[in-house]
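Student: Residue numbers (the numbering used here): 277 to 528.
Next up is a structure, given as structure tokens.
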Amino acid sequence: MKKTITSLLVSAIPFLGMTAQEGATYSETFQYDKRVHDFGTIDEKAGKVSHRFTFTNTGKEPVAISEVNAWCGCTTATYTKTPIAPGKQGYVTITYNPYNRPGKFSKEAVVMLNGGTAYTRIWIKGDVKGYRHPVTEDHPYSFGEGLYMGFQTLPFACLKPGESYTFHQRIANETDKPMTIEFERVPNNQILTLPTRITLQPHERTTIDISYTAVKTYRYNRYIWVYPIVNGKRVKPMRINWFGNDGKNFTN
């Protein structure tokens, strides 16, 4: 059995919107000033951008916005909270957060009406001009000699024989020169798997896999040190911890 620590985006979330619209009808009475807004090119570094869509209720009955679904943490909405009478105007404001999302985007928002019995749709799109983020945003630990990594301590949980865990360790060279890194284990645990040697180009950022497959169950906690050797110089170590069978007395 293999367990992997990683960040996941659940692509199935948008299908929740289809369930919310079952039995709903598309509303023809909301006349928008426009249904698609193009932000053009925006700077990631400048932060969030917003657009207000205005609409007129051209029907004969008041209409209330129940909710606005965008199904993405990067997109949020505010809207008119009171019923919109015939001939009156309301709004939906869509805000997009470009942080860590360089490149083109297109986002749909479904505006649910009258308790979910009707709906309409609007869109935003654009192109995010990214920038190089400070290394410490996702490589917070400095090991010395310009080497940064995402984890300082790797805690392997209580594993049964045959189970494995993999950490995706972020690693960065924040110098203007190539960096060769070798890894020394103290003591020399050979069941732990990681690259023996890697080379990073100036300012390169990448990931390495560090895995462990349990061969037996221990009743006590154990640890080893993994020392990076950067261009021949030993720097600060990573600590590799294993929880014992009871998972108690773990020390970072």
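In this text, a Cβ means the ideal position worked out from N, Cα and C, and glycines have one as well.
Could you check whether the stretch 386-402 touches the stretch 308-321, counting it as contact only if at least three pairs of C-beta atoms, one from each stretch, sit closer than 8 Å?
Tutor: Counting Cβ pairs under 8 Å, three or more are found: they touch.
Student: Identify whether Asn390 lies in helix, strand or coil by the three-state DSSP scheme.
Tutor: For the purposes of this step, residue 390 is taken as residue 114 along the sequence shown, with counting starting at 1. Here Asn390 sits in helix by DSSP.
Student: Considering just the uninterrupted stretch of the beta strand (DSSP E) at Gly323, what are its terminal residues?
Tutor: One-based indexing of the sequence shown puts residue 323 at position 47. From DSSP, Gly323 is part of no beta strand (DSSP E); its letter is neither H nor E.
Student: Compute the distance between the beta-carbons of Ile457 and Arg473, then report whether it is under 8 Å.
Tutor: The residue given as residue 457 occupies position 181 in the sequence shown. The residue given as residue 473 occupies position 197 in the sequence shown. In contact: Ile457 and Arg473 (Cβ atoms closer than 8 Å).
Student: When we look at the beta-carbon of Tyr407 and count the other beta-carbons within 10 Å, is it buried (16 or more) or exposed?
Tutor: Taking the first residue of the sequence shown as position 1, residue 407 is located at position 131. By the neighbour-count rule (16 or more Cβ atoms within 10 Å), Tyr407 is not buried but exposed.
Student: Output yes or no for whether 8 Å exceeds the beta carbon distance between His409 and Met425.
Tutor: Position 133 of the sequence shown holds residue 409. Position 149 of the sequence shown holds residue 425. Not closer than 8 Å, so no.
Student: Take the Cβ of Ile516 as the centre, count every other Cβ of all protein chains shown within 10 Å, and call the residue buried at 16 or more, exposed below.
Tutor: As a first step, residue 516 must be located in the sequence shown, where it is residue number 240. Ile516 comes out buried.
Student: Given a threshold of 16 other Cβ atoms within 10 Å of its Cβ, counted over all protein chains shown, does Pro504 qualify as buried or as exposed?
Tutor: Working through the sequence shown from its first residue, we reach residue 504 at position 228. Classification of Pro504: buried, given that the 10 Å Cβ count is 16 or more.
Student: Can you list, in chain order, the residues of its chain with a C-beta nearer than 8 Å to that of Ser342? Leave out the 5 residues immediately preceding and following it.
Tutor: In the sequence shown, counting from the first residue as 1, residue 342 sits at position 66. Cβ neighbours of Ser342 beyond the five flanking positions: Met388, Leu389, Asn390, Gly391 and Gly392.
Student: Pick helix, strand or coil for Thr305, following the three-state DSSP scheme.
Tutor: Position 29 of the sequence shown, counting from 1, holds the residue named residue 305. Coil.
Student: So is Asn449 buried or exposed if we call it buried at 16+ other beta carbons inside 10 Å?
Tutor: If you number the sequence shown from 1, residue 449 lands on position 173. Asn449 comes out buried.
Student: From Arg328, Val511 and Leu423, pick the residue whose C-alpha is nearest to that of Glu480; which is it?
Tutor: Counting from one through the sequence shown, the residue named residue 480 turns up at place 204. Measuring from the Cα of Glu480, the nearest candidate turns out to be Leu423.
Student: If we ignore side chains and look at the alpha-carbon of each, how far apart do Val344 and Phe443 end up?
Tutor: As a position in the sequence shown, residue 344 is number 68, starting the count at 1. As a position in the sequence shown, residue 443 is number 167, starting the count at 1. Computed Cα separation, rounded: 37 Å.
Student: Given Val368, which residues of its chain have a CB within under 8 Å of its CB, disregarding the five upstream and five downstream residues?
Tutor: The residue you call residue 368 lines up with position 92 of the sequence shown. Excluding sequence neighbours, Val368 sits near Arg328, Phe329, Phe331, Ile341, Val344, Ala353, Thr354, Tyr355, Thr356, Ala385, Val387 and Ile398.
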